[in-house]
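First up is the structure itself, then whatever we jot down about it.
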């Protein structure tokens, strides 16, 4: 079993839809949780980060962490074609430890 | 802020030659830099972790004599692929983080696409 599980997709939604992306993990030591967006042939771009459990909102993006269930989510409201990319979740225990990535979910927002 | 650059963005080389890839943090001091490789439609695979002024720590299965990493300053790390072969063709991405950050977030470069003929 992988430490971090993420559905690879592809996930296809119409423009304007609410998108829900999720990851589950098994290591209870993880404290920092991040979402990265990666366009084709580009490096990952940090979208959101959260520490421990809770919600964080930034514009159309909301990140949720439920440590009791070992489950994290990224919601994208009013999705746009420009949101079409691969979304990677990542996490670590902190203290300079390396990140553990999910496999990434490929999202396509169609007109 | 937190911009990381890589050079070159793409490179094609002949089998047997060596290729050097540079990773720079442009507006912050990177105490730690990471090197990843990524195959098409796959996630990032960590190759090594490098701290300024010390030897890199390689992940299991990564040949340290083949992938030479130097982190000579707080803003520059280099990855040299020695005696490159076609199976080394991949997308190489670096990331950087700085001490004192509570988030431990990593900021990624744009990647370097290496093609070995």
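Chains as they are written, first to last, in this note's numbering: chain A, 23 to 133; chain B, 6 to 122.
A virtual CB, placed ideally from N, CA and C, is assigned to each residue, including glycine.
Owing to the predicted nature of the structure, the values given are computational and were not obtained by experimental measurement.
Could you name the residues of chain A that residue i contacts, counting a contact when the two beta carbons are closer than 8 angstroms?
i: residue 33/B; result: Going along chain A, no residue has its Cβ under 8 angstroms from residue 33/B, so there is no contact; the nearest lies around 13 angstroms.
i: residue 116/B; result: 63, 64 and 65
i: residue 65/B; result: Those within 8 angstroms of residue 65/B in chain A number zero; the least Cβ separation is about 12 angstroms.
Within 10 angstroms of its Cβ, does residue i collect 16 or more other Cβ (buried), or is it exposed?
i: residue 70/B; result: exposed
i: residue 81/A; result: exposed
i: residue 47/A; result: buried
i: residue 117/A; result: exposed
i: residue 44/B; result: exposed
Along chain A, which residues have their Cβ under 7 angstroms away from the Cβ of residue i?
i: residue 98/B; result: 65
i: residue 54/B; result: 120
i: residue 72/B; result: Under the 7 angstroms cutoff, chain A gives no residues; its nearest Cβ is about 16 angstroms from residue 72/B.
i: residue 110/B; result: 56, 68 and 71
What are the partner residues of residue i, as DSSP defines its beta bridges?
i: residue 36/A; result: 132/A
i: residue 49/A; result: Note: residue 49/A sits in no beta bridge, so no partner.
i: residue 80/A; result: 83/A
i: residue 65/B; result: Bridge partners of residue 65/B: none, in fact.
i: residue 90/B; result: Residue 90/B pairs with nothing; no bridge assigned.
i: residue 14/B; result: Residue 14/B is not bridged to any residue.
i: residue 78/B; result: 81/B
i: residue 110/A; result: 58/A
i: residue 27/B; result: 12/B and 83/B
i: residue 39/B; result: 54/B and 100/B
i: residue 28/A; result: 45/A
Under 6 angstroms Cβ to Cβ from residue i, same chain only, skipping five residues before and after it: list those, please.
i: residue 122/B; result: 19
i: residue 25/B; result: 83 and 85
i: residue 27/B; result: 12 and 83
i: residue 29/B; result: 10, 80 and 81
Grab me the residues of residue i's own chain with a C-beta within less than 8 angstroms of its C-beta, minus the 5 sequence neighbours each way, in chain order.
i: residue 36/B; result: 56, 57, 79, 102, 103 and 104
i: residue 66/A; result: 58, 59, 60 and 110
i: residue 23/A; result: 48
i: residue 107/B; result: Note that residue 107/B scores a pLDDT of 48, beneath 50, so its modelled location is shaky and nothing firm can be said.
Strictly below 9 angstroms CB to CB, what residues from chain B border residue i?
i: residue 33/A; result: Those within 9 angstroms of residue 33/A in chain B number zero; the least Cβ separation is about 14 angstroms.
i: residue 126/A; result: 46, 47, 48 and 49
Excluding the 5 residues preceding and the 5 following residue i in the sequence, name in chain order all residues of the same chain whose CB lies nearer than 7 angstroms to its CB.
i: residue 133/A; result: 37 and 103
i: residue 26/A; result: 45, 47, 111, 113, 122, 123 and 124
i: residue 107/A; result: 59, 60, 61 and 129
i: residue 90/B; result: 20 and 121
i: residue 34/A; result: 130 and 132
For a contact defined as C-beta to C-beta under 8 angstroms, what are the partners of residue i on chain B?
i: residue 123/A; result: 48 and 49
i: residue 129/A; result: Chain B residues near residue 129/A: none, gap ~14 angstroms exceeds 8 angstroms.
Cβ closer than 7 angstroms: which chain B residues qualify as neighbours of residue i?
i: residue 110/A; result: 48
Counting Cβ pairs closer than 8 angstroms, one from the stretch 6-22 of chain B and one from the stretch 86-105 of chain A, do we hit at least three? no
Pairing CB atoms from the stretch 82-100 of chain B with CB atoms from the stretch 36-45 of chain B, are three or more of them under 8 angstroms? yes
Below 8 angstroms, how does it come out for the stretch 74-93 of chain B and the stretch 40-58 of chain A: are there three or more Cβ pairs, yes or no? no
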